[in-house]
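First up is the structure itself, then whatever we jot down about it.
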Amino acid sequence: MRLALFDQDRIGLVDGDHLVDVTELLAGPGPYGPAGPLQRHIELGGALSADPSDLSGLPRIPLADAKLEAPLPRPGKIVGAPVNYLDHKAEMEYPTSIAELGVFLKANSSVIGPGRDVLLPYSDMRTDQEGELAVVIGRTASHVPAGEALDYVFGYTCLLDITVRSTEDRSTRKSYDTFTPLGPWITTADEVPDPDALDLRCAVAGEERQHTSTADLIFGVAELIAYTSSVMTLHPGDVIATGTPAGVGPVRHGDRITVDIEKIGRLEVGVDGSRATPYAERPGRRVRTGS
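Here the sequence shown is numbered in our numbering, starting from 107 and rising by one per residue.
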C-alpha cells in the first residue's frame, strides 16, 4: 500500500489517481495529536479493522485535489547516516565514512511535507540538497541482527536532508525548521522486497544532480538498522535517513527540488530565501572570553 496524509489528519490509500479515505479503518477515531494518524496506525502494529481489498463505500478524492502533508509530521526521532555512499565520500573529500562516524540525530521539528518550501536561514552561507531513501520503523527494535532487520520495517519514503555548510556539527546544520522534507507517502515494506536495489534521482531547478542505486550504500538498509538499534532503541514511526550519494550542491531562492525513488514515489518542494539573514548576525555569534 501507499499511505498518504492529507487534508489535516486524513489517511489516504493511493489507488491510481485517487485517494481512498481509510482514516478510521487504519487509525480509528481522532484526535491524533501532532504525530498524526499514520503514527497511530504504525503504533497499533499496522493492523486493519477491515479487509483492505474492499474499498467500496469509502470516500474518494482525486489525488490532484488533495493537499498532501508529511506522512509523519512529527516522528519520534530522525536518524541520519553520514557519508554512506563512497562517491559522496570522495566528492566531499571526507577521510571517514559511516563506519567510523556512526549516526546522528535531526530535530523532528524540521519535517515538512510535499509542496512546502525549504526556508534558507542564511543569505551568505551555502545550503545544499541531499536526496535520500528513508526507512520507517514498524516495531520496537533493539540490538536487532541484520538478518532480521527488514522484519522491523513498516515502509519507505523519500527524504531531503537539507544541510548548511557551516562549522556547526551535523545535528545543528541539518535541523533548521523545514530542513527535512518527507513524502509524498509511505510505501509499505511488502511493496519493496529489496530496498538495496532502488533507483534514486534528485534534481534542482530541473537539472539532475544525483543519480544512484541504493545498491551502492556502504551500510545497506538491514545493516543500518542493525547498527542503529545497537546504539539506541528504535520505536514505531522512527525514521532513518539512509544517506546521500554524490551530487550535492547549493539551492537558491525560487528553486524546485525533486527526489524520485523507484517503487516509492516522487517528493517535490520549493526553496524560499526571502527571510534569509547574514550568517554573522545569527544569535550567539559573539563568544566572550575572560571577564
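Just so it is clear, CB atoms sit at the ideal spot from N, CA and C, and this is done for glycine as well.
The beta carbon of residue 357 sits closer than 8 Å to those of 224, 226, 233, 234, 235, 268, 310, 363 and 377, all from its chain and outside the five residues before and after it, given in chain order.
Counting every other CB atom within 10 Å of its CB across the protein chains shown gives residue 206 a total below 16, marking it as exposed.
In terms of CA proximity to residue 184, 288 leads the group 275, 273, 166 and 288.
Residue 321 is classed as exposed because its beta carbon has fewer than 16 other beta carbons within 10 Å across all chains shown. In this structure, DSSP gives residue 287 an extended state, which the three-state scheme calls strand. Between the alpha carbons of residue 315 and residue 308 lies a distance of about 6 Å. With respect to the C-alpha of residue 126, the residue from 171, 276, 263 and 333 having the closest C-alpha is 171.
Between residue 246 and the set 151, 352 and 381, the nearest pair of CA atoms involves 151. Under a 10 Å Cβ-count criterion, residue 274 is classified as exposed, with fewer than 16 other Cβ atoms of the shown protein chains found around its own Cβ.
In this model, residue 352 and residue 190 are separated by some 10 Å (Cα to Cα). Taking 3 residues as the minimum length, the beta strand (DSSP E) runs contained wholly in the segment 173 to 205 are 184 to 186, in order along the chain.
For residue 203, same chain residues with a beta-carbon under 6 Å away, outside a window of 5 residues either side, are 189, 195 and 324 in chain order. Taking a contact as a CB-CB distance under 8 Å, the pair residue 294 and residue 261 counts as one, their CB atoms being some 4 Å apart.
Collapsing the DSSP output to three states places residue 145 in a helix.
By the Cβ test, the segment 324 to 338 is not in contact with the segment 382 to 391, since fewer than three Cβ pairs between them sit closer than 8 Å.
Per DSSP, reduced to three states, the secondary structure at residue 150 is coil, with no helix or strand assignment. When secondary structure is reduced to three states using DSSP, residue 228 falls in the strand class. In the three-state scheme derived from DSSP, where H, G and I count as helix and E and B as strand, residue 279 is classed as helix.
Under the 8 Å Cβ criterion, the segment 325 to 341 counts as touching the segment 237 to 245, having at least three qualifying pairs. Under a 10 Å Cβ-count criterion, residue 280 is classified as buried, with 16 or more other Cβ atoms of the shown protein chains found around its own Cβ.
Taking all protein chains in view, the Cβ of residue 344 is crowded by 16 or more other Cβ atoms within 10 Å, so the residue is classified as buried.
Closest option to residue 210, judged by alpha-carbon separation, among 337, 370, 131 and 369: 337. Within the same chain, Cβ atoms closer than 6 Å to the Cβ of residue 292 are found at 109, 177, 242, 261 and 263, the five residues on either side in sequence being excluded. Taken through DSSP and simplified to helix, strand or coil, residue 253 comes out as helix.
Rounded to whole angstroms, the separation of the alpha carbons of residue 379 and residue 114 is 26 Å. Contact between residue 212 and residue 182 does not hold, since their C-beta atoms are separated by about 12 Å, which reaches or exceeds 8 Å. DSSP places residue 331 in the uninterrupted alpha helix (DSSP H) bounded by 327 to 337.
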